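**Student:** Quick note on numbering: full-length UniProt numbering labels position 60 of the sequence shown as 60, and the sequence is numbered without any gaps. Backbone N, C-alpha and C define an ideal beta-carbon position, used for all residues, glycine too. Remember, it's a predicted structure, so these values are computed and weren't measured experimentally.
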Amino acid sequence: MFKVICCAVDQVIPLPSAYSCSIFTMEKPLLLYIFVFHWHFLNALFTVEAPQSLYTVEYGSNVTMECTFPVNGQLKFRDLSVSWEKKDEFRKEVYVLLKGEEDFSSQHSDFKGRIKLLKDKLNFGQSLLQITDVKLRDAGFYRCLIDYRGADYKMINLKVKAPYRTINQGVVSTGDKEWKLTCQSEGYPKAEVIWQNEKYQDLTDKANTSYETGDDQLYRVTSTLTIKSRADEFFHCIFWNEELQENTSAILYVADSAEDILWTKNRRFVGAILIVTALFGSVLLFTLCIRKELSKNEDKHNCRDVSFEEEDLKYKQVEKT
Ligand SMILES: *[C@@H]1O[C@H](CO)[C@@H](O)[C@H](O)[C@H]1NC(C)=O
Ligand SMILES: *[C@@H]1O[C@H](CO)[C@@H](O)[C@H](O)[C@H]1NC(C)=O
Ligand SMILES: *[C@@H]1O[C@H](CO)[C@@H](O)[C@H](O)[C@H]1NC(C)=O
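1. Compute the minimum distance between the beta carbon of residue 167 and the heavy atoms of ligand 3, and state whether it is under 7 Å.
2. Going along the chain, which residues of its own chain have a beta-carbon closer than 6 Å to the beta-carbon of residue 5, five neighbours each way excluded?
3. Rounded to whole angstroms, what's the CA-CA distance from residue 68 to residue 46? Just pull it up for me.
4. Using beta-carbon positions only, say whether residue 243 and residue 163 come within less than 8 Å of one another.
5. Does the distance between the C-beta of residue 194 and the nearest non-hydrogen atom of ligand 3 fall short of 7 Å?
6. How far does the beta strand (DSSP E) with residue 151 in it reach, from first residue to last?
7. Could you compute how far the alpha carbon of residue 185 sits from the alpha carbon of residue 222?
8. Check the DSSP bridge columns for residue 241 and list the partner residues they point to.
9. Who's in the neighbourhood of ligand 1, going by beta-carbon under 6 Å from any heavy atom, listed in chain order?
10. Under three-state DSSP, which class holds residue 90?
11. Could you tell me the alpha carbon to alpha carbon distance between residue 158 and residue 87, rounded to whole angstroms?
12. Would you kindly work out how many angstroms separate the C-alpha atoms of residue 230 and residue 241, rounded to a whole number?
13. Specify, as a first and last residue, the run of the beta strand (DSSP E) that residue 219 falls within.
14. Taking residue 206 as the reference, which of 216, 224 and 215 has the closest Cα?
15. Taking DSSP as the reference, what is the three-state secondary structure of residue 204?
16. In three-state terms, what does DSSP make of residue 120?
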């Protein structure tokens, strides 16, 4: 009780209390007044509930957090004030409905364009806050405050996770039966990369793992294992996300014939070029023949023979290669 009452004075004398008096600051003197006023007289009759106090969602998804409050009959919008704020180092305003009117003027930039309060649900005593495209920085504690013939609030914890879902892999021969195996993925929180061979023996100490973070706070994890290996061997890289108790793994295959495959591909490519050239050549020749035929009025039969012979010759060349 005292913590709340101190709010009115808090603007003059800062208090060390954790919750202290950031419920409403100077920007919202009216709401602050209403809140304090109602707290005194009606708090006992009015309670806000949070049916779920912890939400765990995936990065990039949507979440709807819920608080409930008693309505008793038809809701009078003009008597209703709703506030959602995030309790970070500093208080961040997420959403404000002041006496039935939405007010986005002091919404924190972290939440711009991603917040919606499902207003039609207010009639049923539900304050449903929807956050779209959830970011890692959205994680934390939210205060859901409602003032409607009384005032109360609840805290809700939002956790955001980003599983290491897809693992990009690379296998490169560095010569003399030595290989560089790479696994790369991104997620949150930080994952350890564990390497194993076919027999599940641990090779992690032979690997090098680096971590990078960008604006989105995701960890870009790249791990490289350099190892001598016989051909046709499997290796596993496992992204071990201890905090989420989640494992994602990939299998890497070291093939002896890697160079052969490349060579075959190249030969096919050259073959295809030759065939195209041969076809193009014969068409050109044929056209030339027809032209000659028209101008010089030569024997038709002859002309065709020349063209077909030419084509046969080219095909033989292709077969040889
Ligand atoms: C999140 O909500 C937005 C807007 O309502 C919608 O366009 C989008 O498809 C939703 N995303 C997911 C992952 O459900
Ligand atoms: C890991 O990388 C660092 C810097 O690139 C290098 O000095 C070190 O030798 C590498 N360690 C292993 C085990 O490959
Ligand atoms: C994940 O993999 C690591 C290494 O194989 C293992 O120690 C750990 O128990 C696994 N955890 C889960 C939850 O599967």
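**Tutor:** Judging by the given coordinates:
1. no
2. In this prediction, residue 5 scores a pLDDT of 34, lower than 50, which makes its location untrustworthy; the coordinate-derived value is nonetheless stated afterwards. Contacts found: none.
3. 11 Å
4. no
5. yes
6. 151 to 161
7. 7 Å
8. 246
9. 61, 62 and 132
10. coil
11. 11 Å
12. 31 Å
13. 219 to 228
14. 224
15. helix
16. helix
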